[in-house]
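Going line by line, the protein sequences match chains L and U.
Reminder that position 183 of the first sequence reads as 183 in the working numbering, one-by-one numbering, no gaps.
For any residue, its number in the working numbering is found by taking its place in the second sequence, counting from 1, and adding 1000.
Glycine included, each C-beta is placed from N, C-alpha and C at the ideal position.
Every value quoted in this text rests on a predicted model; they were computed, and no experiment measured them.
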Amino acid sequence: MRRLADLLLRYKEYALTLLLISISLILISTSNNQQLRSFRTISVGIVASVQEAFSWVPNPFALESENHALRQLNKDLSTQAMQLREEAVKAEKYKAMLGFKEKTPMKLLAAEVVGKTIIQLRNTATLNVGSRDGVKEGMPVMTERGLVGRVVGLNDRYSIVQLLVNVDTKVPARMLGSRNEGIVTWEPDGVMVMKYVPTALKQKKGDTAVTSSQSIFFPENIPIGVIADVQEEQGTLFDRIIIEPATNFATFEEAFVVLHNPDEARLKLEQSLIEGESRRNGGGRNR
Amino acid sequence: MPTTYSNLIWYTISGLLLLLVQLNLGYITIEGVAPDLLVILIAVIALREGQFIGIIVGFVLGLAFDIISSNIPGTNALAKVVAGFVIGYFYNEQLSLQQSIGAFRFLLIVAFGTAIHNLIFDFFYVEPTDLSLWSFFLRSGIAGTLYTVVVASMVMLVAARKKGER
Chain L
1 MRRLADLLLR
11 YKEYALTLLL
21 ISISLILIST
31 SNNQQLRSFR
41 TISVGIVASV
51 QEAFSWVPNP
61 FALESENHAL
71 RQLNKDLSTQ
81 AMQLREEAVK
91 AEKYKAMLGF
101 KEKTPMKLLA
111 AEVVGKTIIQ
121 LRNTATLNVG
131 SRDGVKEGMP
141 VMTERGLVGR
151 VVGLNDRYSI
161 VQLLVNVDTK
171 VPARMLGSRN
181 EGIVTWEPDG
191 VMVMKYVPTA
201 LKQKKGDTAV
211 TSSQSIFFPE
221 NIPIGVIADV
231 QEEQGTLFDR
241 IIIEPATNFA
251 TFEEAFVVLH
261 NPDEARLKLE
271 QSLIEGESRR
281 NGGGRNR
Chain U
1001 MPTTYSNLIW
1011 YTISGLLLLL
1021 VQLNLGYITI
1031 EGVAPDLLVI
1041 LIAVIALREG
1051 QFIGIIVGFV
1061 LGLAFDIISS
1071 NIPGTNALAK
1081 VVAGFVIGYF
1091 YNEQLSLQQS
1101 IGAFRFLLIV
1111 AFGTAIHNLI
1121 FDFFYVEPTD
1131 LSLWSFFLRS
1141 GIAGTLYTVV
1151 VASMVMLVAA
1161 RKKGER
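Here is the structure:
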């Protein structure tokens, strides 16, 4: 340090000249005067020539900044690629949904899933459509792959869907191949099961379960899933048919609300019959 | 010769006066060419006080002139720093002020310093489509140098006369 100070003192005129020239050049370079264009042209030419002559010398600072810029670019491109991939998946999904909507005779209302639970016993999903869009309680909800559930609550903007993967859901179903009928439920152990199918009726793995005409709420022939396994239920006359759901409840993000109104006359008749039956049973007990 | 407080005051007053005069040289301008009185003052101070002071005076006067003349800031400062540096080389401790500036040697030093000053200064103002740097320097640089030397010769004559009186 002292040697440097001595050196500076010894050559103080040169050091001062260099310092003041530098200050002058900084002042000049910060000026935005038009008259400086020739100076800038010549300076740029000289600097470029020098840079070209020494371009073979690696500059660690330039490399570092280039490296940083490339890393940033890489990050941006990765994000962009990820977004494009997501858009492509969405586009493919929308294409499939559009194709399905055009082909099906059912009146469908497209909706986005804005919230859902899938790991509880009573799983539900929230859709961004409500009564102002024409949705009513009880309407079925499906994707292009199959049945999702039923609207159990709504306001003007949102609907709550009771999913198939909910222990309270019971759907009358039929096998497409064998025409055997039963009730599809979701069991607390996380398995979708078709019940009340007599053991005497043979089931084939891979057969598709669809909604049957027995249901008041669901239109006929909406796919529910395929038979994954057939188990004999001990001590009963029925098989326990394991169903692999057609819809992937973990990943579905869009759905259709089927604008299907239950047959009111049939609903009233069946409800009065059930109520009459329960009254009779209750009376018997009283007696 | 060491710089004294009174000298510093004299230099400051001279510098301020010359800055004002330099700004109002229209009445002695010939074909747009004017003498550079500030370079003459820098030469006088550098030959009296040495190269180090010459450089500082060059920068201060140049910057002050840039500010008050609305030139590109830094152009005069740069040119006058270099002029102070070059002229300061001719500083001789053995010579008195009258001996330094009261001789033809002073005119040569001023001519040399002014030529370098003008060469640097003109570099910033040459129009690329107008003239080449060299022809521009010949027109305004050389003419300006000669005019400055003419004015410097008056300073030399006054100093020479004082030197003779002693």
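Residue 134 of chain L: which of L:121, L:154, L:122 sits nearest, CA to CA? L:154
Compare the beta carbon distance of residue 1148 of chain U and residue 1036 of chain U with 8 Å and say whether it is the shorter of the two. yes
Exposure label - residue 1031 of chain U; buried when at least 16 CB within 10 Å: Exposed.
Quick check on residue 7 of chain L - is its C-beta less than 8 Å from some C-beta in chain U? no
Please confirm if residue 1081 of chain U has its CB atom under 8 Å from at least one CB of chain L. yes
Can you find a C-beta in chain U that's less than 8 Å from the C-beta of residue 24 of chain L? Interface flag for residue 24 of chain L against chain U is set, since a Cβ pair is found closer than 8 Å.
C-beta atoms of residue 210 of chain L and residue 223 of chain L nearer than 8 Å: yes
Please list the segments of the beta strand (DSSP E) lying wholly inside the stretch 103 to 171 of chain L, counting only runs of 3 or more residues, in order along the chain. 108 to 116, 122 to 127, 140 to 142, 147 to 154, 159 to 166
Through-space distance from residue 52 of chain L to residue 1061 of chain U, alpha-carbon basis: 38 Å
Identify, in the order they occur along the chain, each residue of the same chain with its Cβ nearer than 6 Å to the Cβ of residue 230 of chain L, setting aside the five sequence neighbours on each side. 203, 239, 241
Can you check which of these residues, L:165, L:59, L:101, is closest to residue 121 of chain L by C-alpha distance? L:165
Helix, strand or coil for residue 287 of chain L per DSSP? Any reading at residue 287 of chain L must be qualified, since the residue scores a pLDDT of 33, below 50, and its modelled position is unreliable; the value itself is stated next. Residue 287 of chain L falls in the coil class under three-state DSSP.
Beta-carbon within less than 8 Å of residue 274 of chain L's beta-carbon, same chain only, minus the 5 sequence neighbours each way: which residues are those? none
Check the Cβ of residue 1061 of chain U against every Cβ in chain L and list those closer than 9 Å, keeping chain order. The premise fails here: residue 1061 of chain U is roughly 12 Å from chain L at the closest Cβ pair, so nothing lies under 9 Å.
Beta-carbon contacts of residue 1153 of chain U that lie in its chain and below 7 Å, excluding the five residues immediately before and after: 1107
For residue 238 of chain L, which beta-bridge partners are listed by DSSP? L:198
Answer with buried or exposed for residue 2 of chain L, where buried requires no fewer than 16 other C-beta atoms within 10 angstroms of its C-beta. By the 16-neighbour rule on beta-carbons within 10 angstroms, residue 2 of chain L is exposed.
Anything in chain L within Cβ reach of residue 1115 of chain U, meaning under 9 Å, just list it in chain order. Think of a sphere of 9 Å around the beta carbon of residue 1115 of chain U: no beta carbon from chain L falls inside it, the nearest being about 18 Å out.
Taking the alpha-carbon positions, what's the residue 1040 of chain U to residue 1018 of chain U distance? 10 Å
List the residues that DSSP assigns as beta-bridge partners of residue 231 of chain L. L:240
So what's residue 89 of chain L in DSSP terms, helix, strand or just coil? helix
How is the beta strand (DSSP E) around residue 247 of chain L delimited, first residue to last? First-last for residue 247 of chain L: undefined, no H or E at that position.
Which residues in chain U sit within 8 Å of residue 79 of chain L, going by Cβ to Cβ distance? Under the 8 Å cutoff, chain U gives no residues; its nearest Cβ is about 45 Å from residue 79 of chain L.
CB-CB length for residue 167 of chain L against residue 188 of chain L, believed under 8 Å: The pair is a contact, with the Cβ atoms about 6 Å apart (cut-off 8 Å).
Thinking C-beta only, is residue 12 of chain L closer than 8 Å to residue 1085 of chain U? no
Identify the continuous beta strand (DSSP E) that holds residue 1029 of chain U and give its terminal residues. Residue 1029 of chain U -> no beta strand (DSSP E), and no H or E assigned at all.
Between which two residues does the beta strand (DSSP E) containing residue 183 of chain L stretch? 181 to 187
According to DSSP, simplified to helix, strand and coil, what is residue 223 of chain L? strand
Tell me the rounded alpha-carbon separation between residue 151 of chain L and residue 181 of chain L. The straight-line gap from Cα to Cα measures roughly 24 Å.
For residue 1159 of chain U, the three-state DSSP class (helix, strand or coil): Residue state, collapsed to three classes: helix.
Does the distance from the C-beta atom of residue 26 of chain L to that of residue 1078 of chain U stay below 8 Å? no
What does the alpha-carbon distance come out to for the pair residue 81 of chain L and residue 5 of chain L? 57 Å
Check whether the Cβ atoms of residue 1046 of chain U and residue 1072 of chain U lie closer than 8 Å to each other. no
Partners in chain U for residue 49 of chain L, counting only beta-carbon separations shorter than 8 Å: Here the premise fails: no neighbours, minimum Cβ distance about 17 Å.
According to the Cβ coordinates, are residue 256 of chain L and residue 101 of chain L closer than 8 Å? yes
Neighbouring residues, chain U, relative to residue 21 of chain L (Cβ below 8 Å): Neighbours of residue 21 of chain L on chain U, chain order: 1078, 1081, 1082.
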